[in-house]
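Asker: Numbered as in my numbering, the sequence shown ends at 135 without a single skipped number.
This is the structure I want to talk about, given as structure tokens.
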Amino acid sequence: MKNDLMRYFEKDRFAALVGIKLVEVKPGYAKASLEITEQHLNAVNIVQGGVIFTLADFTFAAAANSYGQVSLGINANISYFQPPKGKMLMAEAIEISANTKIASYSVDICGEDKELVARFTGMAYRKKDMINLAE
């Protein structure tokens, strides 16, 4: 059963265009997947780095906003370790630290073989506004 936050994030048009699916979201945590297609490959025939970054950034955003408070990314970094194997990417975001204004997250991106492909770290600014789940 999908919760309100999952339905809210399904409205992310760019994530939908890329093919990202939100698998799970709960306070301080999110998991998303992406089925790799020909359109995700670069000239070297491996997944383009921007695709991996987009998957990580979306998963980070879902985790950062999982409390229902509008949270916006203010810093992001990614390290790429190896090209993914298989046709699926999974991203898992966990909250590292948080206070009333700033929260930090780590996102691991793995291939179908569960091997680490990249690690993303992100920092979010928490606004006073709450997400309008009724829209």
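Cβ coordinates follow ideal geometry from the N, Cα and C atoms, glycine included.
1) Return the residue from the list Q48, R13, K26 that minimises the CA-CA distance to A64.
2) Given L127, which residues of its chain have a CB within under 8 Å of its CB, disregarding the five upstream and five downstream residues?
3) Is it the case that the Cβ atoms of K31 and V18 are separated by a distance below 7 Å?
4) Going by DSSP, which residues form a beta bridge with G122?
5) When DSSP labels each residue in this structure, what does A43 get in the three-state scheme?
6) Measure the alpha-carbon distance for S104 versus I94 and round it to whole angstroms.
7) Hey, how far is the Cα of G49 from the Cα of L55?
Answerer: Let's see:
1) Among Q48, R13, K26, the Cα nearest to that of A64 belongs to K26.
2) For the sequence presented, residue 127 should be read as Lys rather than Leu. Here the set comprises Q69, V70, S71, L72.
3) No; because the gap between Cβ atoms is not below 7 Å, this pair is not in contact.
4) Answer is A76, Y105, bridged to G122.
5) It is coil, neither helix nor strand.
6) Distance between the alpha carbons of S104 and I94: 9 Å.
7) About 10 Å.
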